[in-house]
Each structure stands twice: as C-alpha cells, then as structure tokens.
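Asks: Protein sequences appear in the order of chains A and B. Taking my numbering, the leading residue of the first sequence gets 42, the next gets one more, and so forth. Taking my numbering, the leading residue of the second sequence gets 34, the next gets one more, and so forth. Please read through the structure below; I'll follow up with questions.
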Amino acid sequence: MNASGDDAVVTVPVPPTGLPVANSLATSRPARLLGAIGATARTLVTALFGGIGRAWFFTREVVRATRVVSDWRPHVMEHARVLGVDSLPIGIFLAVFTGIVLALLASYSISDLVPLYFVGTLVQKTVTMELAPVLTGLALAGRVGANIAAQLGTMRVTEQVDALETLAYDPLAYLVVPRVIASTVMFPVVVGAAMLVGLTSGWLASIGLLDLTTPQFLKGVRLFFETFDVRYGLVKSASFGCAVALAGCHAGLATRGGAEGVGRAATRAVVLGAILILVLDAIWALVWLTGKTLTH
Amino acid sequence: MTTSRARNDVLVGLSIVVVSVLLLAGVLWLRQADLGRERKRLVARTRDVGSLQVGNPVVIRGVRAGTVQGIALGGDGWVAIDLKLDREVELPPEPAVLLYASSLFGEWQAMVTSVPALPADRALQSQIRDAAGRRDTLPAAMVPDIAQLTAVAGRIAGDVANVAERVRVAFDDTAAFELRGTIRDFASLSRELSRTVTAQSKNLDRVSGDAAVAMRALRAATDNVQRVAGRVDSTTSRGELAAIVADVQRSAKDILTAAEQVKSIAGRLDRTGGDLERAIASADTVLARVKRGQGTLGLLSTDSSVYRNTDSLLIELRALVKDVKANPKRYVNVRIF
C-alpha cells in the first residue's frame with residue numbers, strides 16, 4: 042500500500058519483443074533439466090571422490106591398527122575358519138560347474154582347424170587366471186562381505202562398538218583387522234581349491250562328454266601352462282579378499298538406523314565388494330598382462 | 034571355547050596345507066618337473082633356434098625323451114641348446130639335432146636323429162656340416178616352419194604378381210588383336226598347308242604311277258638295248274666298228290680342242306663383260322654425281338656461272354697466249370749477272 046492507502050500498482054517493465062528474457066529462460070524446461078543433470082553430476086562426483094577419500098582414510102586407520110597385535114591375533118583363526126574354510130564348499134561347487142561348462146564351451150568354440158586338445162589349454166588358462174579368482178571372489182563377496190557387514194552393523198546399532206571403545210579397545214584392531222587378514226589369507230586358499238577342482242572337472246567333462254583322451258587334454262593343459270598363471274590368480278584373489286573384507290567392515294561400521302540399516306549395510310557391502318573385485322581384476326590385468334605375450 | 038579355538042586352528046591349518054600341497058603338486062606335475070630324477074645332458078649348437086623355447090620336448094624316433102633345458106647365445110654366432118634326456122635313452126649313431134615346428138600352432142620340438150637319416154635337403158645338411166666339428170657338442174639345424182615357408186611363398190607370389198602385371202601391361206588390346214590376327218593367319222596357313230599336302234600327295238601318287246610306267250618303259254628299253262648290244266657285238270666282230278670308233282675319236286679330239294678355245298674366248302668375254310659392268314657402274318656414279326651437281330663436271334653442267342667463268346677464263350688465256358707470242362720480252366726477261 043502507498044501512503045494514500047490505495048493498493049500500490051506495481052509496474053513490471055515489459056521487455057522489447059524479440060529480446061531474450063533471463064527469468065523465463067531460467068525457469069524453462071531445458072534449463073531445469075540441465076540444472077538437474079549438473080546437480081546429479083555434482084552429487085556423483087562428490088560421492089565418488091568422497092567415498093574414495095573415506096576408503097583411503099579407513100584403510101590407513103586399519104593399517105595403523107595392525108600394530109595392536111594383541112587385539113587382533115587371537116581372532117584371526119576364528120575368522121579364517123568362518124570366512125575361508127566355511128566358504129570352501131561354495132568355491133568348490135562353483136568350480137565344478139565352471140570347469141564342465143568351460144570344457145563344453147571350448148569344444149563348441151574351436152573350429153575343425155584347431156585341434157581338440159586346445160580344450161585343455163582354454164580350460165587351464167581360463168580357470169586358473171580368471172574364472173576361479175573372479176567367480177569365487179564374487180561369490181565370497183556375497184557371503185563374506187554380507188556376513189562381515191551384518192555382524193559389524195549389528196554391533197554398531199546395538200552400541201557394542203561404542204562399548205568396545207569405552208573399554209579402551211580399538212574397534213578397528215579388534216573387529217576389522219582380524220577379518221581383513223583372515224579374508225586376505227583364506228581367499229587364495231579357496232581360489233586355489235577352486236582352480237584344482239575346476240581343472241579336474243574340466244578334464245572329467247572332456248574325457249566323458251567330448252571325444253578327448255586324458256593325454257590329449259593334458260597335452261593341451263601343458264602346452265601353454267606357466268606357473269605365472271597360478272601366481273597371478275592367487276595374488277589377485279588375495280587382493281579380492283582384502284578388498285571384500287574392507288568393504289564389508291566399512292559398510293558395517295558405518296551402519297545407521299537399526300535393523301533396516303543393517304540390511305542396507307549388507308547390501309552395500311556386497312555391491313561394493315563386487316565392484317572392487319571387478320576394478321581390481323582390470324587393474325591386475327593392466328599391471329601384469331599388458332605387454333606379456335603368450336609363450337610356451 | 035578353547036576346544037572351539039583349537040578346532041578352528043586345525044581346520045584352517047589343514048585347509049591351507051592341503052590346498053597348498055595340492056596346488057604345488059599340480060603345478061610341478063603340469064610343468065613335468067623331475068625332482069631328483071637323473072638326467073643325461075647334451076649340448077647342441079646351431080646358428081638359429083627359430084621359435085624353440087625352454088621346456089619344449091626332445092624326441093627320438095618320435096618318442097619323447099627329454100626337454101630343452103636352456104638356450105643361450107654362444108660365441109662366433111652360435112646358439113647353444115642345453116638338452117636334458119632321460120638317463121636310459123640311447124642316442125642314434127652320428128647324432129644330430131633338428132629343430133622344427135611340430136604343429137601349426139607354434140609348438141616346436143628338438144628331434145635327435147642320425148646324420149645319414151637327415152632329410153635330403155642341401156640347406157639342412159649344410160647347416161649340420163657347418164655346426165659339426167666339436168666332440169662335446171651335437172650339430173643342430175633349424176627346419177623352416179610354415180611361417181617361413183609362407184613368407185617365401187609370399188615373396189614368390191609377389192614376383193609372380195609382378196610378372197603378371199608386366200604381361201598385363203605388355204599384352205594390351207593391340208597385342209591381343211595382333212595375336213588374334215597371327216592365330217588367324219596361322220590357321221589359314223595351316224589350312225593352306227593341308228591343301229598343299231593333299232594336292233602334293235595326289236601329285237605324288239601321279240608321279241608314282243608315272244614312275245611305274247617309266248620303269249616298265251625302261252625295262253622295255255633295256256630289252257631293246259640288249260638286242261642292239263647283240264647286234265653291235267656281231268658288228269664288232271667284223272672290224273667295221275674299229276674304224277668308226279677311230280674316226281669318232283679323232284672327231285672328238287677336234288671338238289675338244291675347239292671347245293677349249295671357245296671356253297677361253299668365253300672366259301675372256303666374261304672378264305670383258307665384268308670390266309664393262311664396272312665401267313658402266315663408274316660411269317653411272319659419275320653421271321649421278323654430275324646430275325646431283327657434285328664435282329667439277331656437275332658444277333659445270335648445273336651451274337652456268339662456272340661455265341661462264343671458265344669460258345671467260347679461256348678467252349683471257351687465249352688473249353694472254355697471243356700477247357706472249359707478240360711481246361715475249363714483256364714476259365720473259367733472261368739476265369746473266
């Protein structure tokens with residue numbers, strides 16, 4: 042209102058026709074879309090780099106916590122049994138079918154010009170270098186990662202972690218380090234067993250289902266076999282074990298919000314573990330296989 | 034709690050040990066490692082090992098008898114190959130080692146064989162002779178694999194392609210047309226030849242028939258000659274023929290003399306004719322030069338100015354002679370001292 046008490050008439054200046062209007066542009070649909078994309082990208086970038094930063098600090102704290110040996114050493118064997126020995130059946134089960142399928146797939150893929158004993162070569166190379174570590178790692182990412190995240194998440198939401206801190210225990214040394222060490226040590230054991238079983242099942246499938254004899258299969262296996270193949274698979278699986286355990290522990294300790302939060306933490310641990318396995322697999326391939334040719 | 038912990042320890046330790054031992058055993062088995070097994074060692078040398086690798090099999094008469102244990106560069110351009118053979122394996126007499134691809138997929142092997150059993154390949158035997166000579170080292174040679182043969186075949190194919198390209202360039206449409214014409218001409222020539230042969234064979238038949246007739250006539254003539262000879266014999270016996278023969282001999286001598294004279298005359302005529310031909314040829318040459326305006330005669334006959342100059346020169350010469358005759362003292366001045 043103005044001084045006279047009449048409603049003030051606000052005159053909005055009308056822009057000349059044909060000139061762009063800043064306000065209308067700012068509120069148009071493409072602008073809103075672009076804004077949403079920008080906001081999403083900013084969120085993703087923040088989450089990605091924030092996550093990497095948090096993971097880096099978490100890992101650094103875990104490494105630092107390994108110095109408190111008395112806290113973690115008594116628990117390593119227990120976790121090694123739970124995470125490793127108890128996971129052997131899953132790894133072996135996966136390897137049995139992987140070997141069979143690989144043998145059949147190899148015989149299906151090679152043409153008449155390629156000798157059938159190359160089935161052995163393909164089974165050996167694929168099982169040893171890729172499928173045993175990665176498939177077993179993914180399976181264990183579900184089992185081990187979810188297990189760790191659920192355990193630690195439950196402890197977090199029931200304030201057991203806070204109780205440990207109150208009792209002057211380092212939660213990282215007491216809860217995380219033994220799990221990470223056990224997982225890092227036992228993953229190669231499970232993967233090694235998967236390699237042996239996968240190769241054996243591939244051999245049995247070759248002589249049972251294909252027109253291949255044992256000497257032929259062995260010839261194919263030995264043709265391009267190198268100890269590097271086994272070393273590569275085992276080192277890779279150790280890194281997978283470490284990554285899966287770290288992801289599970291990180292997700293578990295970051296749990297908020299009761300049972301629902303525990304579920305989310307378990308899911309997050311599995312997804313993060315699987316992603317880490319695939320990323321590490323690519324990194325190991327780049328580091329170890331780039332420029333390395335197949336020799337015999 | 035303690036029991037559970039001990040159980041955990043046992044389970045984990047057992048899992049680790051069992052899996053590790055099995056993995057190690059599997060790796061050693063696949064690598065065909067010979068732990069504590071006695072082996073015989075041999076060294077072979079060659080200029081080039083191709084794609085031979087450490088661990089490749091060594092075979093004797095097709096049976097696996099060991100592995101390639103090491104490959105190292107030696108002096109003087111040699112490559113030393115360390116072979117490990119089973120202890121019980123016996124080497125063939127005059128052993129030599131052939132290195133070759135055992136399949137199309139890059140697998141190589143070393144075969145120990147005897148020198149007389151080597152393939153009849155001069156390059157191979159030359160390599161073996163080159164590598165032989167050391168008592169503690171077997172000679173070795175590399176047999177070209179399919180890749181090298183393919184490379185050679187590729188070069189040959191390239192050369193053939195070059196030749197084909199040259200032929201294509203040389204054998205253009207004109208050449209093809211000419212070749213077609215040549216073939217047509219050759220075909221017509223063949224037909225002509227065939228017709229000629231046919232005609233000639235008919236002529237030959239006719240000539241053969243004529244020859245048969247002539248033979249028959251000749252036989253009849255011979256009979257007549259025999260009859261005449263009989264009569265001549267009877268004439269000779271009466272002495273008339275001797276006189277005729279003497280007359281004929283004299284006449285023949287005269288004719289011979291006359292013939293020699295005619296021959297001499299003819300020879301002289303020949304020489305004269307040759308001289309005449311040469312003279313005519315020279316005259317032709319001179320006339321041709323004259324006609325072309327070359328030489329003095331030619332210039333005289335073709336260039337009127339030369340004629341005129343010569344004519345005026347003659348006139349002046351004549352006047353000069355006349356003046357010399359009239360006034361000799363003007364031109365001849367004889368002085369003594």
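Every residue gets a Cβ at the ideal spot worked out from N, C-alpha and C, and that includes glycine.
Run the proximity test for arginine 217 of chain B: is its beta-carbon closer than 7 Å to any non-hydrogen atom belonging to the ligand GTP?
Replies: This structure lacks the ligand GTP; in fact it carries no ligand of any kind.
Asks: Nearest CA to the CA of isoleucine 248 of chain A: which residue from A:Gly140, A:Leu89, A:Arg105 and A:Ala88?
Replies: The shortest C-alpha separation from isoleucine 248 of chain A is found at A:Gly140.
Asks: Whether or not the region 96-112 of chain A and the region 282-292 of chain A are in contact is what I'm after, with contact meaning three or more pairs of Cβ atoms, one per stretch, closer than 8 Å; do they touch?
Replies: Short answer: they touch.
Asks: How many Å lie between serine 148 of chain A and glutamate 140 of chain B at the Cα?
Replies: Taking the straight line joining both Cα atoms gives about 20 Å.
Asks: On the three-state DSSP scale, how would you describe serine 234 of chain B?
Replies: Reduced to three states, the DSSP call for serine 234 of chain B is helix.
Asks: Whose C-alpha, out of A:Ile93, A:Ala72, A:Ala80 and A:Ser69, is nearest the C-alpha of leucine 317 of chain A?
Replies: The option with the nearest alpha carbon to leucine 317 of chain A is A:Ile93.
Asks: Quick check: the region 168-178 of chain B against the region 144-160 of chain B, are at least 3 beta-carbon pairs closer than 8 Å?
Replies: Because the criterion of three Cβ pairs below 8 Å is met, the region 144-160 of chain B and the region 168-178 of chain B touch.
Asks: On a Cα-Cα basis, can you pick out the residue from A:Leu287, A:Pro71, A:Val328 and A:Gly299 that is closest to glycine 186 of chain A?
Replies: Minimum Cα distance to glycine 186 of chain A is reached at A:Leu287.
Asks: In chain order, what residues of the same chain have a beta carbon less than 8 Å from the beta carbon of valine 50 of chain A, not counting five sequence neighbours either side?
Replies: Confidence is the limiting factor: at valine 50 of chain A the pLDDT is only 48, short of 50, which leaves the residue's position unreliable, though a coordinate-based value still follows. Hits under 8 Å: none found.
Asks: Mind checking the region 57-82 of chain B against chain A and listing, in chain order, the residues whose C-beta falls within less than 8 Å of any C-beta there?
Replies: Going along the region 57-82 of chain B in chain order, one finds Gly59, Val60, Leu63, Arg64 and Gln65 with a Cβ nearer than 8 Å to chain A.
Asks: Residues of chain B with a CB under 8 Å from the CB of methionine 118 of chain A: which are they?
Replies: Simply Arg38, Asn41, Asp42 and Val45.
Asks: Which of helix, strand or coil does DSSP assign to serine 135 of chain B?
Replies: Coil at serine 135 of chain B, not helix or strand.
Asks: Determine, using beta carbons only, whether lysine 277 of chain A and aspartate 211 of chain A come nearer to each other than 8 Å.
Replies: No, the Cβ-Cβ distance between lysine 277 of chain A and aspartate 211 of chain A is not below 8 Å.
Asks: Going by Cα to Cα distance, which pick from A:Arg272, A:Gly282 and A:Val311 is closest to glycine 59 of chain B?
Replies: Of the listed residues, the one whose Cα sits closest to glycine 59 of chain B is A:Arg272.
Asks: Does glutamate 198 of chain B come within less than 8 Å of chain A when only Cβ atoms are used?
Replies: Not one chain A Cβ lies under 8 Å of glutamate 198 of chain B.
Asks: Please state whether DSSP places arginine 97 of chain B in a helix, a strand or coil.
Replies: Three-state DSSP puts arginine 97 of chain B in a strand.
Asks: Out of A:Arg309, A:Val312 and A:Val262, point me to the one whose CA is closest to valine 168 of chain A's CA.
Replies: Measuring from the Cα of valine 168 of chain A, the nearest candidate turns out to be A:Val262.
Asks: Could you tell me the alpha carbon to alpha carbon distance between isoleucine 222 of chain A and leucine 259 of chain A, rounded to whole angstroms?
Replies: Roughly 36 Å between the two C-alpha positions.
Asks: Once you ignore the five residues that flank leucine 240 of chain A on each side, which residues in its own chain have a CB closer than 8 Å to its CB?
Replies: Gly140, Val164, Gln165, Val168, Thr169 and Val262.
Asks: Give the range of the alpha helix (DSSP H) segment to which serine 278 of chain A is assigned.
Replies: Its alpha helix (DSSP H) spans residues 268-294.
Asks: For alanine 203 of chain B and valine 196 of chain B, what's the separation of their Cα atoms in angstroms?
Replies: Straight-line Cα distance between these residues: approximately 10 Å.
Asks: Comparing the C-beta of valine 52 of chain B with each C-beta of chain A, is any distance below 8 Å?
Replies: Judged by the 8 Å Cβ criterion, valine 52 of chain B is in contact with chain A.
Asks: To the nearest angstrom, report how far apart isoleucine 189 of chain B and arginine 201 of chain B are at their CA atoms.
Replies: Going by the C-alpha atoms only, they are around 18 Å apart.
Asks: Who does lysine 73 of chain B pair with in a DSSP beta bridge?
Replies: In the DSSP output, where bridge partners are listed per residue, lysine 73 of chain B has B:Leu118.
Asks: Once DSSP output is grouped into helix, strand and coil, what is the label at arginine 108 of chain A?
Replies: Here arginine 108 of chain A sits in coil by DSSP.
Asks: Three-state secondary structure (DSSP) at leucine 23 of chain B?
Replies: What is shown of chain B runs 34 to 370, which leaves residue 23 of chain B out entirely.
Asks: Of all the options A:Val218, A:Arg297, A:Gly299 and A:Phe269, which has the alpha carbon lying nearest to the alpha carbon of valine 282 of chain A?
Replies: First, the amino acid is wrong: residue 282 of chain A is glycine here, not valine. Among A:Val218, A:Arg297, A:Gly299 and A:Phe269, the Cα nearest to that of glycine 282 of chain A belongs to A:Val218.
Asks: Is glycine 239 of chain A close to chain B, meaning its C-beta is less than 8 Å from at least one C-beta of that chain?
Replies: Closer than 8 Å: no.
Asks: From B:Gly103, B:Arg80, B:Arg97 and B:Val145, pick the residue whose C-alpha is nearest to that of glutamine 86 of chain B; which is it?
Replies: It is B:Gly103 whose Cα lies nearest to the Cα of glutamine 86 of chain B.
Asks: Helix, strand or coil for serine 147 of chain B per DSSP?
Replies: Here serine 147 of chain B sits in strand by DSSP.
Asks: State the DSSP-derived secondary structure class of arginine 78 of chain B, mapped to helix, strand or coil.
Replies: Three-state DSSP puts arginine 78 of chain B in a strand.
Asks: Name the chain B residues whose beta carbon is nearer than 7 Å to that of leucine 341 of chain A?
Replies: Missing from the structure shown is residue 341 of chain A; chain A here goes from 42 to 337 and no further.
Asks: Going along chain A in order, which residues have a C-beta closer than 9 Å to the C-beta of serine 48 of chain B?
Replies: Going along chain A in sequence order, the residues near serine 48 of chain B (Cβ under 9 Å) are Ala121, Arg122, Gly125, Val126, Leu129, Met227, Val230, Val231 and Ala234.
Asks: Please compile the residues from chain B whose C-beta is within a distance smaller than 7 Å of the C-beta of valine 271 of chain A.
Replies: Neighbours of valine 271 of chain A on chain B, chain order: Leu56 and Val60.
Asks: Just the Cα atoms here: how many angstroms apart are glutamine 233 of chain B and lysine 286 of chain B?
Replies: Roughly 47 Å separates the two Cα atoms.
Asks: Identify, in the order they occur along the chain, each residue of the same chain with its Cβ nearer than 7 Å to the Cβ of alanine 182 of chain A, setting aside the five sequence neighbours on each side.
Replies: Around alanine 182 of chain A: Val285, Val311, Gly314, Ala315 and Ile318.
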